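So the sequence shown is numbered by the numbering used here: it starts at 506 and just counts up by one.
Positions of the beta carbon are idealized from the N, C-alpha and C atoms, including for glycine.
Remember, it's a predicted structure, so these values are computed and weren't measured experimentally.
Here the structure is laid out as structure tokens; the discussion comes afterwards.
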Amino acid sequence: MSSKLRAGIVGGTGMVGQRFIALLENHPWFEVTAIAASANSANKTYEESVKGRWKLSTPLPEGVKQIVVQDASKVEEVAKDVDLIFCAVDMKKEEIKALEEAYAKTGTPVISNNSAHRWTPDVPMVIPEINPEHLEVIAQQRKRLGTETGFIAVKPNCSIQSYMPALNALKDFKPTQVVVTTYQAISGAGKTFTDWPDMVDNVIPFIGGEEEKSEQEPLRIWGQVTEEGIVKSEGPVITTQCIRVPVADGHLAAAFVSFEKKPTKEEILERWQSFRGRPQELGLPSAPKQFITYFEEENRPQTRLDRDIENGMGVSAGRLREDTLHDYKFVSLSHNTVRGAAGGAVLIAELLKAEGYIVPKQQ
Numbered sequence: 506m507s508s509k510l511r512a513g514i515v516g517g518t519g520m521v522g523q524r525f526i527a528l529l530e531n532h533p534w535f536e537v538t539a540i541a542a543s544a545n546s547a548n549k550t551y552e553e554s555v556k557g558r559w560k561l562s563t564p565l566p567e568g569v570k571q572i573v574v575q576d577a578s579k580v581e582e583v584a585k586d587v588d589l590i591f592c593a594v595d596m597k598k599e600e601i602k603a604l605e606e607a608y609a610k611t612g613t614p615v616i617s618n619n620s621a622h623r624w625t626p627d628v629p630m631v632i633p634e635i636n637p638e639h640l641e642v643i644a645q646q647r648k649r650l651g652t653e654t655g656f657i658a659v660k661p662n663c664s665i666q667s668y669m670p671a672l673n674a675l676k677d678f679k680p681t682q683v684v685v686t687t688y689q690a691i692s693g694a695g696k697t698f699t700d701w702p703d704m705v706d707n708v709i710p711f712i713g714g715e716e717e718k719s720e721q722e723p724l725r726i727w728g729q730v731t732e733e734g735i736v737k738s739e740g741p742v743i744t745t746q747c748i749r750v751p752v753a754d755g756h757l758a759a760a761f762v763s764f765e766k767k768p769t770k771e772e773i774l775e776r777w778q779s780f781r782g783r784p785q786e787l788g789l790p791s792a793p794k795q796f797i798t799y800f801e802e803e804n805r806p807q808t809r810l811d812r813d814i815e816n817g818m819g820v821s822a823g824r825l826r827e828d829t830l831h832d833y834k835f836v837s838l839s840h841n842t843v844r845g846a847a848g849g850a851v852l853i854a855e856l857l858k859a860e861g862y863i864v865p866k867q868q
């Protein structure tokens with residue numbers, strides 16, 4: 506019998522679900538023992554259900570090929586044999602909310618890649634290096650849901666993880682205004698170039714809902730836990746434009762920042778170099794040893810060259826310089842389906858396990 510926690514993937518046939526499958530192969534703490542998806546995929550082996558639509562460049566892991574896909578709507582059946590669930594479903598927002606709460610009420614921790622619960626006051630939305638203290642709100646959520654062991658925790662939008670770590674490292678200097686344009690890969694829409702030939706040699710200057718998320722979600726992550734749940738921060742003021750570009754993976758951000766206390770360039774670089782968080786303190790399996798890597802070269806970071814830094818869990822930055830309208834400008838980059846999606850959720854699960862929120866179910 507494996508000593509690893511048993512993980513279920515709900516929404517396991519989509520692109521993010523596939524990324525979960527790949528990242529959890531040979532994970533030291535978690536083992537995929539259940540996969541669930543829509544009724545159309547149910548009752549097939551996982552290999553059969555993704556035949557012809559495996560989107561990753563790495564091969565389908567052997568250990569999951571013969572797992573029979575379950576119907577995600579049959580909550581009790583899926584939940585009974587797992588210790589935690591990763592959720593990445595493609596459904597309407599209210600349907601996702603109801604589904605995730607149903608899983609949590611079975612006593613099962615749910616780590617969600619979806620946006621449905623990001624603004625539920627007692628659901629923590631976490632970048633583990635930035636706001637691990639928000640996990641405290643889980644006690645309020647468990648009381649509301651009537652469960653001693655179940656809960657929902659969510660990861661934020663993929664786009665903000667390209668620039669928010671760099672800003673967070675500079676919080677002592679009190680950023681007041683932030684202007685960001687993100688250049689986002691097509692995998693953020695769950696697509697490859699085969700699926701989306703219109704993106705070849707093309708740029709689309711709009712991604713539905715993305716700009717609101719990119720402006721508001723950092724404020725919730727910088728918010729405070731109160732008796733009413735998490736209350737978002739009032740600042741800084743953030744304005745964004747989000748653009749889809751013909752890149753397979755990796756979200757690049759161009760940021761302009763004004764500070765209440767303007768730092769020197771040397772101070773900024775030192776804060777980026779030394780920035781550590783709870784995952785690094787705990788030595789979590791997926792935690793990047795160097796969270797933010799700065800490139801001195803004028804033409805870095807580049808998406809294709811640098812998105813996989815620290816196994817896709819690190820953030821890279823470059824081109825830091827003073828600006829004529831704001832104090833500083835820089836570019837930064839993260840891998841949107843690793844750090845920004847499945848990998849970020851796995852790191853949240855590792856933090857939750859290390860802090861005692863996820864434990865094995867009694868069998």
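In the structure shown, the three-state DSSP call for residue 698 is coil. Beta-bridge pairing by DSSP links residue 630 to 659. Counting the other CB atoms within 10 Å of its CB gives residue 830 a total below 16, which places it among the exposed residues. Its chain contains 675 and 678 as the residues whose beta carbon lies nearer than 7 Å to that of residue 768, once the 5 sequence neighbours on both sides are disregarded; these appear in chain order. A direct Cα-to-Cα measurement between residue 613 and residue 720 gives close to 31 Å. Of all C-beta pairs linking the stretch 696-710 to the stretch 664-672, fewer than three are shorter than 8 Å, placing the two stretches out of contact.
Taking all protein chains in view, the Cβ of residue 744 is surrounded by fewer than 16 other Cβ atoms within 10 Å, so the residue is classified as exposed. Secondary structure of residue 785 (DSSP, three-state): helix.
The way I'd put it, the stretch 565-572 doesn't touch the stretch 823-842; fewer than three beta-carbon pairs between them come closer than 8 Å. Between residue 648 and residue 621 the beta-carbon gap is near 20 Å, outside 8 Å, which marks them as no contact. Residue 643 is a Cβ neighbour of residue 629, given a cutoff of 8 Å. In this structure, the beta-carbon distance from residue 841 to residue 689 falls below 8 Å. Under the criterion of beta carbons closer than 8 Å, residue 540 and residue 572 qualify as touching, at roughly 5 Å.
For the options 815, 687, 584 and 752, the alpha carbon positioned closest to that of residue 794 is the one of 815. Of the candidates 760, 706 and 770, 706 places its Cα closest to the Cα of residue 751.
The alpha helix (DSSP H) runs of length 4 or more contained entirely in the stretch 774-831 are, from start to end of the chain, 783-787 and 808-811. Around the Cβ of residue 731, a 10 Å sphere holds fewer than 16 other Cβ atoms; the residue is exposed.
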